[in-house]
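> Below: one structure in structure tokens.
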Amino acid sequence: MPIRAENIKYVYSEGTPFRTLALDGINVRIDRGEFVGLIGHTGSGKSTLIQLFNGLEPATEGKVEVDGTQVGEDKKKLKLIRQKVGLVFQYPEYQLFEETVEKDVAFGPINLGLTREETDHRVKEALELVGFNYKKIKDASPFELSGGQKRRVAIAGVLAMKPDYLILDEPTAGLDPAGRNEILGQVKKLHEVSEVSVILVSHSMEDIAKLVDRVIVLYRGKVHMQGTPKDIYSKADELERIGLGIPQIASIVRDLRNRGFNIKQDILTVEEAKEEILKEVRRRNV
Amino acid sequence: MFRNLTIGQHYPVDSPVHSLDPRLKIVFTIIFIISLFLIESFLGFLIVAVFLTVVITISKVPLKFVIKGLRPILFIILVTFLINLLMTPGRVIFTLGFIKITEEGLRQAGFMAVRLTLLIMGTSLLTLTTSPILLTDGIEALLKPFSRFGLPAHELAMMMTIALRFIPTLMEETEKIMKAQKSRGADFESGNIVSRAKNLVPLLVPLFISAFRRADELAMAMEARCYRGGVNRTRMRQMKITRGDYAAAFIFTVYIAAIIMFRIW
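Here the protein sequences come in this chain order: A and B.
Counting from 1, position 71 in the first sequence corresponds to residue 85 in my numbering; the numbering is continuous, with no gaps.
Counting from 1, position 171 in the second sequence corresponds to residue 178 in my numbering; the numbering is continuous, with no gaps.
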């Protein structure tokens, strides 16, 4: 069962001079178990779209369905939808509020009305999933942790609700390379060990290229392209035109090709590029 | 939820009212408030209503927008109305159990409600047509003479600028945190008063933390740019009285004259 969005339109501040059409006729489908990258320039409508997926905002036109249930149709089902579609906002560390990490992560499960044991079990599981030693971290105050740690606690807070779809809005924004790799690595692992679908929202091509099965490119509130990362990055010029780059390594490969080196075009990782360049060097020496 | 809040919100269009000198607009607003308290009859309010309608029309702010600003204080208007209705002694015209409504009460209640409505509409017009920055510039200029007596005019204005500047930011922040907590199954909309208040904790704690953090950052950024209060500071925009301001002053004087005449007569 998928998330389906049909003909979505979303208008901000209707009836004022600030009126803007944030989403304009969006049709997307996200299947169970998929790893999807949602990319777009600032203001392309990414963040708005994901808020429609778990019913935080109602679509102005069109409908969103999660596993066959129309979002927003029945207010009582919103909680269920929010459990199914876990949304991790940008800078999620700013939502922490409890005295201890354990209590904060338990906030979601308690709101779902789970039993004490089930909650404890889930909190432990979620904190371990994001790479913490449960015993060591559980009684710490979330406000004493480092930025990256806080963020992982916040992500654990959503994971503890056991969503079927996990949406992460710029999960690496403002982190150093180590923190970045850590978070992305954990997301990847999570996707591999569970059946959760992951939607990764980003404007960083580097992050997305390595991880996702499918990329959806938003531009000015519309789906501009979608396809596998290789398909998408082969249209480098088009991506640059709409204000998105391609991974550095892909642009190096493109430049080499333009200068007459016979290298494969659809390269996304440094490893692949190394192989190809070495092959080309050997060919030329012979 | 917060998008409907108009008090303190600027409606940025280009109109003669918008381009008036902020100092004048503030003075006009104060006099306008006083004029409302000079009025003793409903007919007098008609003059105010006509004047206000004309000003709103000139300002190009949709009437709908101004009226929307009344929503947050509807409750206060209602309470005032009821208190006046039930507490004013006089000739009883209606009784139901212990409730007695008097003719004077009805009149007084209607009177207060109209007065409050006009008051809010008039004052919200000031903030609707003046950007917060201009508004505080105006306040600072008007308070300047009092700095001789030790009134920290610049500091007050700066505090106000900052407070106004952060209203939308904090609202956005509130909305964001609210959404994040809702995503974790938080419920801000149902339950009785006690449980609702308790449910606000996950919203208020992060909000206060972020407000303090912002204050710290702002203070640091201001110091980094050598801010040290109002002494010897000059302005990029000097306020000057223009021909349009004279015209507005004339119209306003006519309005005040009409109100005073009406009262004497």
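From the three backbone atoms N, C-alpha and C, an ideal C-beta is built for every residue, glycine too.
Everything numeric in this text was worked out from a predicted model, so none of it was measured.
Check whether the segment 259–270 of chain B and the segment 46–53 of chain B are in contact - that is, three or more C-beta pairs closer than 8 Å.
Touching, per the Cβ criterion.
> Mind listing the chain A neighbours of Pro19 of chain B? Cutoff is C-beta to C-beta under 7 Å, in chain order.
In chain order: Pro31.
> For Gly117 of chain B versus Ile33 of chain B, is the C-beta spacing smaller than 8 Å?
No, Cβ-Cβ distance for Gly117 of chain B and Ile33 of chain B is not below 8 Å.
> Using a Cβ cut-off of 8 Å, pull out every chain B residue sitting near Leu70 of chain A, in sequence order please.
Near Leu70 of chain A (Cβ distances below 8 Å), the residues of chain B are Lys186, Lys189, Ser190.
> Which whole-angstrom value is the C-beta distance of Leu93 of chain B and Gly112 of chain B, which I expect to be below 8 Å?
Going by Cβ atoms, the distance from Leu93 of chain B to Gly112 of chain B rounds to 7 Å, so yes, they are a contact pair.
> Among B:Ala193, B:Phe88, B:Pro29, B:Phe259, which one has its Cα closest to the Cα of Ile248 of chain B?
It is B:Pro29 whose Cα lies nearest to the Cα of Ile248 of chain B.
> Taking Pro139 of chain B as the query, report the chain A residues whose CB atoms sit under 8 Å from its CB, ordered along the chain.
Those do not exist, as Pro139 of chain B stays about 16 Å from chain A at its closest Cβ, beyond 8 Å.
> Can you tell me whether Leu53 of chain B is buried or exposed? The criterion is at least 16 other CB atoms within 10 Å of its CB, across all chains shown.
It is exposed - the Cβ of Leu53 of chain B has fewer than 16 other Cβ atoms within 10 Å.
> If you check the beta carbons only, do Val36 of chain B and Leu133 of chain B fall under 8 Å apart?
Note that residue 36 of chain B corresponds to Thr in the displayed sequence, not to Val. Yes. Within cutoff.
> Grab the span of the beta strand (DSSP E) containing Gly76 of chain A for me, first residue to last.
Element bounds for Gly76 of chain A: 75–80.
> So Val137 of chain A packs on Glu116 of chain A, CB below 8 Å; how close in whole Å?
Yes, Val137 of chain A and Glu116 of chain A are in contact; Cβ-Cβ is about 6 Å, under 8 Å.
> Should the segment 219–226 of chain A be called in touch with the segment 39–52 of chain A, which here means at least 3 C-beta pairs below 8 Å?
Verdict: yes, contact present.
> Along chain B, which residues have their Cβ under 8 Å away from the Cβ of Val172 of chain A?
Those within 8 Å of Val172 of chain A in chain B are Ser190, Arg191.
> For the segment 187–258 of chain A, list the beta strand (DSSP E) runs that are entirely contained and at least 3 residues long, ordered along the chain.
Taking only runs of at least 3 residues, the beta strand (DSSP E) segments lying wholly in the segment 187–258 of chain A are 211–216, 228–233, 236–241.
> Going by C-alpha to C-alpha distance, which of B:Thr64, B:Phe72, B:Arg203 sits closest to Ser27 of chain A?
Of the candidates B:Thr64, B:Phe72, B:Arg203, the one whose C-alpha sits nearest the C-alpha of Ser27 of chain A is B:Phe72.
> Taking just the CA atoms, how far does Ala36 of chain A sit from Asp45 of chain A?
Answer to the nearest angstrom: the Cα atoms are 24 Å apart.
> Does the segment 146–166 of chain A touch the segment 112–129 of chain A, meaning 3 or more C-beta pairs lie closer than 8 Å?
Enough Cβ pairs lie closer than 8 Å, so yes.
> Helix, strand or coil for Leu183 of chain A, going by three-state DSSP, please let me know.
Per the sequence shown, residue 183 of chain A should be read as Asp rather than Leu. Reduced to three states, the DSSP call for Asp183 of chain A is strand.
> Between Lys205 of chain B and chain A, is the shortest Cβ-Cβ distance under 8 Å, so that the two count as touching?
No, Lys205 of chain B lies away from the interface with chain A (no Cβ there is under 8 Å from its Cβ).
> Cβ of Gly192 of chain B within 8 Å of Cβ of Lys93 of chain A?
In contact: Gly192 of chain B and Lys93 of chain A (Cβ atoms closer than 8 Å).
> Give the list of continuous alpha helix (DSSP H) stretches no shorter than 4 residues that lie fully inside the segment 91–153 of chain B.
Qualifying alpha helix (DSSP H) stretches, in chain order: 110–136, 139–150.
> Mark Phe101 of chain B as exposed unless 16 or more other C-beta atoms lie within 10 angstroms of its C-beta, in which case mark it buried.
With fewer than 16 other Cβ atoms within 10 Å, it is exposed.
> For Leu101 of chain A, go through chain B and note every residue whose CB falls closer than 7 Å to its CB, in chain order.
Near Leu101 of chain A (Cβ distances below 7 Å), the residues of chain B are Ser190.
> Rounded to whole angstroms, what's the CA-CA distance from Asp251 of chain A to Tyr108 of chain A? Just pull it up for me.
Answer to the nearest angstrom: the Cα atoms are 37 Å apart.
> Does any residue of chain A bring its CB to less than 8 Å from the CB of Pro152 of chain B?
It does not: the Cβ of Pro152 of chain B has no partner Cβ on chain A nearer than 8 Å.
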